[in-house]
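> Read top to bottom, the protein sequences are chains A and B. Numbering (the UniProt record's numbering) for the first sequence: 1 to 339. Numbering (the UniProt record's numbering) for the second sequence: 1 to 339. Just so it is clear, CB atoms sit at the ideal spot from N, CA and C, and this is done for glycine as well.
Protein chains: 2
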Amino acid sequence: MSRPQPQKRATVHDIAAAAGVSRGTVSRVLNGGYVSAEARAAIEAAITEVGYVPNNAARALKMRRSQAVAFVTLEPHSLFLDDPNIGSIMLGANAALSLADHQMVSLVVESSRDTERVARYLSGGFVDGAIVVSARTQDPIIKVISDLSLPAAFVGHPPELDRTIPFVGIDNVGSARAITEHLLTGGRRRIGMIAAALDRDSGIDRLAGFRAALGPLFDEEMVADVPHYDYGSGVKGMRELLERDRSVDGVFAASDAIAAGALEALREAGRSVPGDVGVVGFDDSTWAVRCQPQLTTVHQPAKEIGSCAAQLVLRQLRGEHPDPGGQLLPTPLVLRDSA
Amino acid sequence: MSRPQPQKRATVHDIAAAAGVSRGTVSRVLNGGYVSAEARAAIEAAITEVGYVPNNAARALKMRRSQAVAFVTLEPHSLFLDDPNIGSIMLGANAALSLADHQMVSLVVESSRDTERVARYLSGGFVDGAIVVSARTQDPIIKVISDLSLPAAFVGHPPELDRTIPFVGIDNVGSARAITEHLLTGGRRRIGMIAAALDRDSGIDRLAGFRAALGPLFDEEMVADVPHYDYGSGVKGMRELLERDRSVDGVFAASDAIAAGALEALREAGRSVPGDVGVVGFDDSTWAVRCQPQLTTVHQPAKEIGSCAAQLVLRQLRGEHPDPGGQLLPTPLVLRDSA
DNA sequence: TACGGATGTGTGAACGTGCACACAGTAGGA
DNA sequence: TCCTACTGTGTGCACGTTCACACATCCGTA
Chain A
1 MSRPQPQKRA TVHDIAAAAG VSRGTVSRVL NGGYVSAEAR AAIEAAITEV
51 GYVPNNAARA LKMRRSQAVA FVTLEPHSLF LDDPNIGSIM LGANAALSLA
101 DHQMVSLVVE SSRDTERVAR YLSGGFVDGA IVVSARTQDP IIKVISDLSL
151 PAAFVGHPPE LDRTIPFVGI DNVGSARAIT EHLLTGGRRR IGMIAAALDR
201 DSGIDRLAGF RAALGPLFDE EMVADVPHYD YGSGVKGMRE LLERDRSVDG
251 VFAASDAIAA GALEALREAG RSVPGDVGVV GFDDSTWAVR CQPQLTTVHQ
301 PAKEIGSCAA QLVLRQLRGE HPDPGGQLLP TPLVLRDSA
Chain B
1 MSRPQPQKRA TVHDIAAAAG VSRGTVSRVL NGGYVSAEAR AAIEAAITEV
51 GYVPNNAARA LKMRRSQAVA FVTLEPHSLF LDDPNIGSIM LGANAALSLA
101 DHQMVSLVVE SSRDTERVAR YLSGGFVDGA IVVSARTQDP IIKVISDLSL
151 PAAFVGHPPE LDRTIPFVGI DNVGSARAIT EHLLTGGRRR IGMIAAALDR
201 DSGIDRLAGF RAALGPLFDE EMVADVPHYD YGSGVKGMRE LLERDRSVDG
251 VFAASDAIAA GALEALREAG RSVPGDVGVV GFDDSTWAVR CQPQLTTVHQ
301 PAKEIGSCAA QLVLRQLRGE HPDPGGQLLP TPLVLRDSA
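1. Within a Cβ cutoff of 6 Å, which residues of the same chain sit near S247 of chain B, ignoring the five residues on either side of it in sequence?
2. Ordered along the chain, which non-local residues of its own chain (more than five positions away) have a Cβ less than 8 Å from that of K303 of chain B?
3. To the nearest angstrom, how far is the alpha carbon of G275 of chain A from that of F252 of chain A?
4. Compare the C-alpha of H321 of chain A against each of A:D249, A:L312, A:S98, A:G250 and name the closest.
5. Using CA atoms only, rank isn't needed, just tell me which of A:S66, A:A339, A:S149, A:E243 is closest to P293 of chain A.
6. Check whether the Cβ atoms of V155 of chain B and I305 of chain B lie closer than 8 Å to each other.
7. Rounded C-beta distance between I131 of chain A and L328 of chain A? I'm assuming under 8 Å.
8. Can you confirm whether N31 of chain B, when its beta carbon is compared against all beta carbons of chain A, has any partner nearer than 8 Å?
9. What is the DSSP secondary structure of F282 of chain B, counted as helix, strand or coil?
10. Suppose contacts are defined by Cβ-Cβ distances below 8 Å. Is N56 of chain B in contact with G125 of chain A by that definition?
11. Hey, out of B:P216, B:R244, B:G209, B:A254, whose CA is closest to H228 of chain B's CA?
12. In chain order, what residues of the same chain have a beta carbon less than 6 Å from the beta carbon of A19 of chain A, not counting five sequence neighbours either side?
13. Determine, using beta carbons only, whether Q300 of chain A and P151 of chain A come nearer to each other than 8 Å.
14. Near L97 of chain B, which residues of its chain fall below 6 Å by C-beta distance, leaving aside the five closest residues on each side in sequence?
15. Output needed in chain order: residues of the UniProt domain "HTH lacI-type" (10-63) of chain B with a Cβ under 8 Å from some Cβ in chain A.
16. G234 of chain B: which of B:L214, B:D337, B:H77, B:R267 sits nearest, CA to CA?
17. Using CA coordinates, which residue listed in A:D284, A:Y231, A:H13 is at the minimum distance from T286 of chain B?
18. Please name the residue in A:V280, A:Q67, A:S134, A:C308 whose C-alpha comes closest to that of L206 of chain A.
19. Is the beta carbon of G278 of chain B sitting closer than 8 Å to the one on A262 of chain B?
20. S209 of chain A CB to nearest chain B CB: under 8 Å?
21. For S175 of chain B, which option in B:G51, B:A224, B:T296 has the closest C-alpha, if you only look at C-alpha atoms?
22. Tell me which residues share the same chain as V168 of chain A and place their Cβ nearer than 7 Å to its Cβ, disregarding the 5 neighbours each side in the sequence.
23. With 8 Å as the threshold, decide whether the Cβ of E110 of chain B is near any Cβ in chain A.
24. Please report how far the alpha carbon of T180 of chain A lies from the alpha carbon of D283 of chain B, in whole angstroms.
25. Buried or exposed for Q67 of chain A, going by 16 or more other Cβ atoms inside 10 Å?
26. L81 of chain A touches chain B at which residues, Cβ-Cβ below 8 Å?
27. Residues of the stretch 228-255 of chain A with a CB closer than 9 Å to any CB of chain B: list them in chain order, please.
28. Would you mind stating whether S123 of chain B and L107 of chain B have Cβ atoms separated by less than 8 Å?
29. Could you tell me whether any Cβ in chain A is nearer than 8 Å to the Cβ of L263 of chain B?
30. Give the DSSP-derived three-state secondary structure of I191 of chain B in the structure shown.
31. Quick check: the Cα distance between L241 of chain A and L198 of chain A, rounded to an integer number of angstroms?
32. Could you check if S202 of chain B is buried or exposed, using at least 16 other CB atoms within 10 Å of its CB as the buried criterion?
33. Could you tell me if the beta carbon of L207 of chain A falls within a distance shorter than 7 Å of some heavy atom in the ligand ZN?
34. At a CB-CB cut-off below 8 Å, which residues of chain B make contact with residue 345 of chain A?
35. Looking at the secondary structure, which residues open and close the beta strand (DSSP E) in which S272 of chain A lies?
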């Protein structure tokens, strides 16, 4: 079976022939240079006439530049379907890249088959750089990027193995600490946490911040450990906390979805919020405002995270070396009704 | 300021030199052909030694094939942040393309600036085809794809202007009719609808199905028209229905999120579900199972939609001409507790 | 011996682009 | 008059790959 030939498209040669000039002159019209007014007019007419569109593949080959940056999502299953922020991060990155006239291409790595193919894609000259979003810190693709020394930026914690790649994220420890302190200043004394995803840095750090805020008041018993950042986990986690200590008067949920689940469990148990129990969440996602009462939570600047990561890549493409330390964006507390 | 040269990477020439053979032989090892065992061994050793990665841009230029397919999301703002299915559709498409060893690259069109850049990208040889997901049926990018005669497939309704491009979707009219009939067989007689997004085909069709199911029972007054498929719209829409007729005993919500909002409004009004009022949704998203009671709804086979769209593109890449009529995937009713 | 097929290898051209270079004409100043 | 600077144009090459073709060797058979 012979593959169908994609239809022949006009090239600079065709334009040159149509306008009665040479390829070089056409190139100068497209890319700037000395061209006479007549030649320019003839060429521009020819371009629209033959419907010319430049061939990116050829340009990328010659220029070693594709004007494209990959947005690589590792473990999309958990990220795309659970994480309320991933969409906003993408849009933020796209907006920033768009302003710099770069194309964002989003790649998804789900299987080992994907890993290999994406690695090939990244190394093949189709993209000039990469933004990597990963749920966990270790992934084979990260080594590939590191080996290729492809200009890159991480969203979230960078992998231990390559500290030379810059990253952008939020201060999970500090934010968790701040929101827990809000519960304390509200007079809560028996405070529990529904901690999720303790196999990820975000989960670990939020727990660490909680512990730091409570200091001597911290009680291991008052931490319910659930696997995911989702609603169901919140219901289960809150029931567990109530079972362990019915005098609980404050709860820090590791995400808004969890907080929403906690509200449901508290309603079941006949507790009022914020009267009997103060509840705070994390993310400032759409969950926060659709709950009854609306959630006091930590705002994640998702759009800014995306655009910041894009800037980190663009800066490297301009030849600058960003300090590898990474960048933590501010996470303002959003005070609503739940605590 | 001079642009930094991306570091020089090994090419087939380097491998040939290292292995003491010619470029042609290297190419044959990579792409198949008669090669002696010694030559093959030497070349494979050389490949790993110099860390060769093939240059996709050069390959795409020569082969006129990039082995990549674009996943274009028009109006990502509403889709990414509102639509619970878009992530699953993407993953479904990615899985199908992955099996055919094609790379899915997701592009996002948000501004007019994006439109132009993505059009260039699509026409530049970086992708062999495109899957287009659009909230609305009209968009400038569609004309571009049509003009380029790029192998493509639409998710949802195809634009009127080009019926030659195949599409995949669900039968919104039939599904809405079926779920409304479920309310009728449950004995409900005063049935309202919270209709959303009446500027899109999906919204229009769901309303049409509702009307068809009710027949003479249909009452214009019992349709609350809300702008979006979201929770807040559901709350508002349900309040409106209750105000118009307190005897309402059944509600078809145009999405699960809306249904969730409706449940909240009914709780406010002291109505029990499904006792006083039966509520059904649409999508079978995560909303459906996190509601109290869990929603009876229409299952959208999002993953299958994605993989089906991918197949439509892949088939064209193989030179087949899929019937342009389009494909509607089955949408089973999921019976839970809300009606 | 001569021939044809199967197996193995090297060479040249082409994909479409951008850039370095060569070249030509004009104008102005030493 | 010659040299330089500026504007404008054409040609050749390179980017890294694949493929068609030419050539070379070996074996079995007419």
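In short, the structure shows the following:
1. Taking the second sequence and counting its residues from 1, one reaches residue 247 of chain B at position 247. Counting only Cβ-Cβ distances below 6 Å, and skipping sequence neighbours, we find R190.
2. To locate residue 303 of chain B, count along the second sequence from 1; it is residue 303. These residues qualify, in order along the chain: S88, I89, L91, G92, A95.
3. As a position in the first sequence, residue 275 of chain A is number 275, starting the count at 1. As a position in the first sequence, residue 252 of chain A is number 252, starting the count at 1. Cα-Cα distance, rounded: 15 Å.
4. Residue numbering aside, residue 321 of chain A sits at position 321 when the first sequence is read from its first letter. Per the C-alpha coordinates, the member of A:D249, A:L312, A:S98, A:G250 positioned closest to H321 of chain A is A:L312.
5. For the purposes of this step, residue 293 of chain A is identified with residue 293 of the first sequence, where counting begins at 1. Taking only the C-alpha atoms, the option nearest P293 of chain A is A:A339.
6. By one-based count along the second sequence, residue 155 of chain B stands at place 155. By one-based count along the second sequence, residue 305 of chain B stands at place 305. Yes. Within cutoff.
7. What you label residue 131 of chain A is simply residue 131 of the first sequence in a count that begins at 1. What you label residue 328 of chain A is simply residue 328 of the first sequence in a count that begins at 1. Contact between I131 of chain A and L328 of chain A does not hold, since their C-beta atoms are separated by about 17 Å, which reaches or exceeds 8 Å.
8. Residue mapping note: residue 31 of chain B aligns to position 31 of the second sequence, counting from 1. At a cut-off of 8 Å between C-beta atoms, N31 of chain B does not count as an interface residue with respect to chain A.
9. Counted from its first residue, the second sequence places residue 282 of chain B at position 282. Here F282 of chain B sits in coil by DSSP.
10. The residue given as residue 56 of chain B occupies position 56 in the second sequence. The residue given as residue 125 of chain A occupies position 125 in the first sequence. Contact: yes.
11. The sequence position of residue 228 of chain B within the second sequence is 228, counting from 1. Residue nearest to H228 of chain B within the set B:P216, B:R244, B:G209, B:A254 is B:A254 (criterion: CA-CA distance).
12. Reading the first sequence from its first residue, position 19 is the one you call residue 19 of chain A. Here the set comprises A42, I43, A46.
13. Your numbering for residue 300 of chain A matches position 300 in the first sequence. Your numbering for residue 151 of chain A matches position 151 in the first sequence. For Q300 of chain A and P151 of chain A, no; Cβs fall outside 8 Å.
14. Counting from one through the second sequence, the residue named residue 97 of chain B turns up at place 97. The beta carbon of L97 of chain B sits closer than 6 Å to the beta carbons of V69, M104, A310 from its chain, once the five residues preceding and following it are set aside; these are given in chain order.
15. Within the UniProt domain "HTH lacI-type" (10-63) of chain B, G51, V53, P54, N55, N56, A57, A58, R59, A60, L61 place their CB atoms closer than 8 Å to a CB of chain A, listed in sequence order.
16. Position 234 of the second sequence, counting from 1, holds the residue named residue 234 of chain B. Comparing C-alpha distances from G234 of chain B to each of B:L214, B:D337, B:H77, B:R267 shows the shortest one belongs to B:R267.
17. Start at 1 with the first residue of the second sequence, and residue 286 of chain B comes out as number 286. Closest by alpha carbon: A:Y231.
18. In the first sequence, the residue the question calls residue 206 of chain A occupies position 206. It should be pointed out that residue 206 of chain A corresponds to Arg in this sequence rather than to Leu. Among A:V280, A:Q67, A:S134, A:C308, the Cα nearest to that of R206 of chain A belongs to A:V280.
19. Sequence index remark: in the second sequence, residue 278 of chain B carries index 278 (1-based). Sequence index remark: in the second sequence, residue 262 of chain B carries index 262 (1-based). Taking 8 Å as the Cβ cut-off, G278 of chain B and A262 of chain B do not qualify as a contacting pair.
20. Position 209 of the first sequence, counting from 1, holds the residue named residue 209 of chain A. It is Gly, not Ser, that sits at residue 209 of chain A in the sequence shown. False, the Cβ-Cβ gap to chain B never drops below 8 Å.
21. By 1-based counting over the second sequence, the position of residue 175 of chain B is 175. For S175 of chain B, the nearest C-alpha among the options comes from B:T296.
22. In the first sequence, residue 168 of chain A corresponds to position 168, counting from 1. Around V168 of chain A: A153, V155, I305, C308, A309, L312, G326, Q327, L329.
23. What you label residue 110 of chain B is simply residue 110 of the second sequence in a count that begins at 1. Yes - at least one Cβ of chain A is within 8 Å of the one on E110 of chain B.
24. The residue you call residue 180 of chain A lines up with position 180 of the first sequence. The residue you call residue 283 of chain B lines up with position 283 of the second sequence. T180 of chain A and D283 of chain B: Cα-Cα distance of roughly 37 Å.
25. Taking the first residue of the first sequence as 1, we reach residue 67 of chain A at position 67. When all chains shown are included, Q67 of chain A counts as buried.
26. Taking the first residue of the first sequence as 1, we reach residue 81 of chain A at position 81. Neighbours of L81 of chain A across chain B, judged by C-beta separation under 8 Å: G87, S88, T286.
27. Taking 9 Å as the cut-off between beta carbons, the residues of the stretch 228-255 of chain A near chain B are D230, Y231, G232, V235, in sequence order.
28. Position 123 of the second sequence, counted from the first residue, corresponds to residue 123 of chain B. Position 107 of the second sequence, counted from the first residue, corresponds to residue 107 of chain B. No; because the gap between Cβ atoms is not below 8 Å, this pair is not in contact.
29. As a first step, residue 263 of chain B is located in the second sequence; it is residue number 263 there, counting from the start. No, L263 of chain B lies away from the interface with chain A (no Cβ there is under 8 Å from its Cβ).
30. On the second sequence, residue 191 of chain B is found 191 positions in, with the first residue counted as 1. Of the three classes helix, strand and coil, the one that applies to I191 of chain B here is strand, per DSSP.
31. Working through the first sequence from its first residue, we reach residue 241 of chain A at position 241. Working through the first sequence from its first residue, we reach residue 198 of chain A at position 198. In a straight line, the C-alpha of L241 of chain A is about 17 Å away from that of L198 of chain A.
32. As a working mapping, residue 202 of chain B is identified with position 202 in the second sequence. Buried.
33. You won't find the ligand ZN in this model; it holds no ligand whatsoever.
34. No answer is possible for residue 345 of chain A: the residues shown for chain A start at 1 and end at 339.
35. Here the question's residue 272 of chain A lines up with position 272 in the first sequence. Taken as a continuous stretch (DSSP letters only), S272 of chain A belongs to no beta strand (DSSP E), as it is neither H nor E.
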